[in-house]
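Q:
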Amino acid sequence: MMSMRLMRFGTKKKPTYRIVVIDSKRARQSQALDIVGTYTPLDDPAGVDLDLEKAKKWIAKGVRPSSTVQSLLDRLIKPAKPAREEKA
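Numbering (my numbering), first residue to last: 25 to 112.
1) Ignoring anything shorter than 3 residues or poking outside the stretch 27 to 103, list the beta strand (DSSP E) runs there in chain order.
2) Assign L66 to buried or exposed, taking buried as 16 or more other Cβ atoms, counted over all protein chains shown, within 10 Å of its Cβ.
3) At the level of alpha carbons, what is the spacing between M31 and K102?
4) Under 8 Å, do S27 and S95 count as touching if we go by C-beta distance?
5) So which of R99, D75, K38, K36 has the shortest CA-CA distance to V45?
See below:
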């Protein structure tokens with residue numbers, strides 16, 4: 025079964041991740057079929073660079089996103105509510 029999950033890159037204590045499509049039985053650092061985007065959790069705010077069209081195409085083909093990738097997809101599809109302005 026194919027899955028969409030994170031592949032770790034970066035230096036010690038400064039991780040960056042690639043969001044990849046890979047066979048679920050392969051190791052984390054194995055060769056991926058496709059790179060869908062990147063995720064940098066230490067940026068403020070955390071940076072997610074994701075090709076939504078590619079992700080939707082793979083999901084339509086039956087690829088299952090991991091729980092972390094699913095939360096990143098949800099975050100991009102449903103942006104956070106803007107802060108309310110207080111009245112003076």
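Don't be surprised by glycine CBs; every beta carbon is placed ideally from N, CA and C.
A: If we stick to the structure as given:
1) 38 to 47, 58 to 64, 71 to 74
2) exposed
3) 24 Å
4) no
5) D75
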